[in-house]
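See below for the structure under consideration.
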Amino acid sequence: MELLTPAIGLLFWMALVFGILVFFLKKFAWKPILSSLKEREDTIESALRMAEETRAEMAKLKSDNDKILAEARAERDKMIRDAKNITDKMIADAKEKAVVEGNKIIADAREAIQQEKAALVSQMKKDMASFSIEIAEKVIRRELADKSSQEALVSTLISDANLN
Amino acid sequence: MNSLLIDRIIIENMLRKITTKLLLVLSLSLFSINFASAQEGHEAHPENHEATAHEEEKFDIGQMIMHHIADSHEWEFAHGLTLPLPVILYTKQYGLEVFSSKRFAEGNGVYNGYINNHEHIHRLNPQGGLDEEVHVWDLSITKNVASMLLSAVILIVLMSTVAKSFAKNRGKAPKGIQSFIEPIIFFIRDEVVIPNVGPKYEKYLPYLLTLFFFILVNNLLGLIPGGANLTGNITITLFLAVITFIITHINANKHYWLHLVKPEGVPVAMLPLMWVVEIAGVFMKPMSLTIRLFANITAGHIIILSLLGLIFIFKSFAVGGVVTLFTLFMNAIELLVAFLQAFIFTLLSSMYIGSAIEEHHEADHGH
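Residue numbers (the numbering used here), protein chains in the order written: chain A, 1 to 164; chain B, 165 to 531.
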């Protein structure tokens, strides 16, 4: 059948044209197109990779930041805690000191009072003694003023003493 | 490329072939009926058959279809609007002859001792009969050759533009026509060639890309009213299939040949039978490539032409309206087929090449 018979002329031209076409397109179209496609793919790939790396770096930076922040926060907490401790200690010390001082003052006061008391007592003793002596003197003096009675007494005493 | 898609394509192809066969039978029966009646007035005036047909107001659909899908020495866009093409003839006895196909039209199919009998050119002997001793090598720029040259020019201009645009937009997003062609190139490379040819694909990519775009552009040119039916011509499809065959077998590795001679797991007694099957398989591949493209494109043209022919047979507005809708529908399908067939031809070529250069032994040879 006509349709199924290859034509020599057409075959000749087809071979020629298709050969030229493959050669030409290979050299002037496919090679530059495919190479720039590849180049673009590489560019995109490297850009993606870089983005990925940047993201990882960012994540790392962020974690570093967090770490630093956490450290700073810990530092601050520690400082606050230390300060509080110091304050507490200072207050406690002051209190203790005050107590000691108070006690000492009280003790001193007590001692002073004791001393005063002792001085007072000794003074009183002294005064009492002198007072007693005075009284005794006055009493003796009055007793001695009556000479006859004295002589009587002495004579009684002597008489008593003779009996012994 | 997943096997599901291939299965779908194969099923779709089978369906197409069945419809194609039905329509071929239908149109050929019409053709033969009309051919018989047309033959009487035909012998005396080889070339003016159509003229007489028109004069007699008799419409011969088979003749019309054959005229449209066959090659021709002139390019008839519409009745009366014909582009004359150069006729190039070579005979051992008379040497090279170049003249315009207009000379044949003027001389009623005869010029300078040559006769154009249904696009077959013969030498006339002095008595006016055919000179059987002279073999005429017909290297004319026929309608198909002209269309092929046009497609080559289109491809070269298009692809150089795209290449230039690539050079200009180096490292940037595609622009203009480049953004239309680029995804197709990507698709052919990443979905068709790389999965089927394998890691050594770069060597075959230029051929396969050219193949795809050549078939695609010519399929589309063939759909334009008045266009030539180049990819529906068996010479062209045979040529392309043979090129794929040659590339496959030049590059075929040891495993491929070994598989042909001694397929694995086959009992020795079965080997002669396997040789027959394998060798038949080797030649079936280019055959199927040839016939698939040829039949698909030609069938599409025949369907559209048959539908349009109905208008001239029935000469009714109602039929005209229905047929127009049908033709529109068929044209849409043909548009799809134009892409599909270019894709399938490239896909199968890639698979054949891939199966021949595959390193592993468990190669599936695609049959």
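Even for Gly, the Cβ is constructed at its ideal location relative to N, Cα and C. Keep in mind the model is a prediction, meaning the values are calculated, not measured.
Candidates B:Y278, B:A496, B:L469 and B:L372: which alpha carbon is nearest B:A506's?
-> The sequence position of residue 506 of chain B within the second sequence is 342, counting from 1. Ranked by Cα distance from B:A506, the options B:Y278, B:A496, B:L469 and B:L372 are led by B:L372.
Which one of A:L144, A:S159, A:T156 and A:L4 has the shortest CA to CA distance from B:M230?
-> Sequence index remark: in the second sequence, residue 230 of chain B carries index 66 (1-based). A check of alpha carbon separations from B:M230 across A:L144, A:S159, A:T156 and A:L4 identifies A:L4 as the nearest.
When the cut-off is 8 Å and only beta carbons count, does B:T469 lie next to chain A?
-> As a working note, residue 469 of chain B is residue 305 in the second sequence. First, the amino acid is wrong: residue 469 of chain B is Leu here, not Thr. Not closer than 8 Å to any Cβ of chain A, the Cβ of B:L469 fails to qualify, so no.
Closest by CA to A:L189, which one among B:I407, B:V274 and B:L380?
-> Because chain A in this structure spans residues 1 to 164, residue 189 of chain A falls outside the shown range and cannot be described.
Give the secondary structure of B:G391 by DSSP, where H, G and I count as helix, E and B as strand, and everything else as coil.
-> Position 227 of the second sequence, counting from 1, holds the residue named residue 391 of chain B. Of the three classes helix, strand and coil, the one that applies to B:G391 here is coil, per DSSP.
Looking at C-alpha atoms only, which residue of B:K256, B:K418, B:T399 and B:Y365 is the closest neighbour of B:A459?
-> Position 295 of the second sequence, counted from the first residue, corresponds to residue 459 of chain B. Nearest of B:K256, B:K418, B:T399 and B:Y365 to B:A459, Cα basis: B:T399.
In whole angstroms, what separates the C-alpha of A:W30 from that of B:I508?
-> On the first sequence, residue 30 of chain A is found 30 positions in, with the first residue counted as 1. On the second sequence, residue 508 of chain B is found 344 positions in, with the first residue counted as 1. Between A:W30 and B:I508, the C-alpha separation is close to 20 Å.
Cα-Cα separation between B:G386 and B:K426, rounded to whole angstroms | Stepping through the second sequence from its first residue, residue 386 of chain B is reached at position 222. Stepping through the second sequence from its first residue, residue 426 of chain B is reached at position 262. When rounded, the distance between both Cα atoms is 44 Å.
Would you mind reading off the limits of the alpha helix (DSSP H) that contains B:Q421?
-> Counting from one through the second sequence, the residue named residue 421 of chain B turns up at place 257. According to the sequence shown, residue 421 of chain B is Trp rather than Gln. Note, B:W421: alpha helix (DSSP H), K418 to V425.
Min CB distance B:R334 to chain A below 8 Å = Sequence index remark: in the second sequence, residue 334 of chain B carries index 170 (1-based). Taking Cβ atoms only, chain A reaches closer than 8 Å to B:R334, which makes this a yes.
Using DSSP with H/G/I as helix, E/B as strand and the rest coil, what is B:P338?
-> Within the second sequence, the letter at position 174 stands for residue 338 of chain B. DSSP places B:P338 in coil when its eight states are reduced to three.
So, helix, strand or coil for B:L294, using DSSP?
-> Taking the first residue of the second sequence as position 1, residue 294 of chain B is located at position 130. Strand, per DSSP.
Going along chain A, which residues have a C-beta under 9 Å from B:A316?
-> For the purposes of this step, residue 316 of chain B is taken as residue 152 along the second sequence, with counting starting at 1. Residues of chain A passing the Cβ test: V17, F18, I20, L21 and F24.
Examine chain B for any beta-carbon lying closer than 8 Å to the beta-carbon of A:L4, and answer yes or no.
-> Residue numbering aside, residue 4 of chain A sits at position 4 when the first sequence is read from its first letter. Yes, contact with chain B.
Is A:L69 buried or exposed, if buried means 16 or more other CB atoms sit within 10 Å of its CB?
-> Taking the first residue of the first sequence as position 1, residue 69 of chain A is located at position 69. With a 10 Å radius around the Cβ and a threshold of 16 neighbouring Cβ atoms, A:L69 comes out exposed.
Is the beta carbon of B:F268 sitting closer than 8 Å to the one on B:N281?
-> Here the question's residue 268 of chain B lines up with position 104 in the second sequence. Here the question's residue 281 of chain B lines up with position 117 in the second sequence. Cβ atoms of B:F268 and B:N281: not closer than 8 Å.
Outcome for B:D224 when other beta-carbon atoms lying within 10 angstroms are tallied against a minimum of 16 = Taking the second sequence and counting its residues from 1, the one referred to as residue 224 of chain B is at position 60. B:D224 comes out buried.
Mind listing, in chain order, the continuous alpha helix (DSSP H) runs of no fewer than 4 residues lying wholly within the stretch 305 to 336 of chain B?
-> 307 to 332
Report all residues from its chain with a CB closer than 8 Å to the CB of B:G340; omit the five preceding and five following residues, and keep chain order.
-> Stepping through the second sequence from its first residue, residue 340 of chain B is reached at position 176. Around B:G340: S329.
Might you give, ordered along the chain, the residues of its own chain that have their beta carbon closer than 6 Å to the beta carbon of B:A392, omitting 5 neighbours on each side?
-> The residue given as residue 392 of chain B occupies position 228 in the second sequence. The residues are K307, N308 and S311.
Compute the distance between the beta-carbons of B:S304 and B:P250, then report whether it is under 8 Å.
-> Walking along the second sequence from the start, residue 304 of chain B turns up at place 140. Walking along the second sequence from the start, residue 250 of chain B turns up at place 86. The answer is yes: Cβ separation under 8 Å.
Straight-line gap, B:L402 to A:L11 (C-alpha atoms, nearest Å) | Here residue 402 of chain B refers to the residue found at position 238 when the second sequence is read from its first residue. Here residue 11 of chain A refers to the residue found at position 11 when the first sequence is read from its first residue. Cα to Cα, B:L402 sits roughly 9 Å from A:L11.
In chain order, each alpha helix (DSSP H) run of at least 4 residues that lies wholly inside the stretch 451 to 531 of chain B = 481 to 521
Give the straight-line distance between the Cα atoms of B:Y258 and B:L294, rounded to the nearest whole angstrom.
-> As a position in the second sequence, residue 258 of chain B is number 94, starting the count at 1. As a position in the second sequence, residue 294 of chain B is number 130, starting the count at 1. Rounded to the nearest angstrom, the two C-alpha atoms are 15 Å apart.
With C-beta atoms as the reference, is B:I467 less than 8 Å away from B:M494?
-> As a position in the second sequence, residue 467 of chain B is number 303, starting the count at 1. As a position in the second sequence, residue 494 of chain B is number 330, starting the count at 1. Yes, Cβ-Cβ distance for B:I467 and B:M494 is below 8 Å.
With burial defined as no fewer than 16 other Cβ atoms inside 10 Å of the residue's Cβ, what is the status of B:A200: buried or exposed?
-> For the purposes of this step, residue 200 of chain B is taken as residue 36 along the second sequence, with counting starting at 1. Reliability of the predicted coordinates at B:A200 is poor, the pLDDT of 39 falling under 50, and no value is obtained from them.
With 8 Å set as the bound, which would you pick, yes or no: does the beta-carbon of A:L48 sit closer than that to a beta-carbon of chain B?
-> Position 48 of the first sequence, counted from the first residue, corresponds to residue 48 of chain A. It does not: the Cβ of A:L48 has no partner Cβ on chain B nearer than 8 Å.
Members of the stretch 49 to 66 of chain A that neighbour chain B once the beta carbon cut-off is set at 7 Å = none
Would you mind reading off the limits of the alpha helix (DSSP H) that contains B:H232?
-> Counted from its first residue, the second sequence places residue 232 of chain B at position 68. That run of the alpha helix (DSSP H) goes I225 to I233.
Answer with buried or exposed for A:L21, where buried requires no fewer than 16 other C-beta atoms within 10 angstroms of its C-beta.
-> Along the first sequence, read from residue 1 onward, the residue named residue 21 of chain A stands at position 21. Burial call: buried.
Where B:F378 meets chain A, residues with beta-carbon distance less than 8 Å = The count along the second sequence starts at 1 and reaches residue 378 of chain B at position 214. Near B:F378 (Cβ distances below 8 Å), the residues of chain A are F18 and L21.
Could you list the residues in the stretch 448 to 461 of chain B with a C-beta less than 7 Å from some C-beta on chain A, going in chain order?
-> none
Report the rounded CA-to-CA distance for A:F24 versus B:I475, giving the unit in angstroms.
-> Taking the first residue of the first sequence as 1, we reach residue 24 of chain A at position 24. Taking the first residue of the second sequence as 1, we reach residue 475 of chain B at position 311. When rounded, the distance between both Cα atoms is 45 Å.
What does B:I349 touch in chain A if you count any residue whose Cβ is under 9 Å from its own?
-> Position 185 of the second sequence, counting from 1, holds the residue named residue 349 of chain B. For B:I349, the residues of chain A that pass the 9 Å Cβ criterion are W30, I33, L34 and L37, in the order they occur in the chain.
Would you decide whether B:T491 is buried or exposed? Buried here means 16 or more other CB atoms lie within 10 Å of its CB.
-> Against the second sequence, residue 491 of chain B aligns to sequence position 327. With 16 or more other Cβ atoms within 10 Å, it is buried.
With distances taken Cα to Cα, identify the nearest neighbour of A:W13 among B:M228, B:K222, B:A316 and B:N272.
-> Walking along the first sequence from the start, residue 13 of chain A turns up at place 13. Of the listed residues, the one whose Cα sits closest to A:W13 is B:A316.
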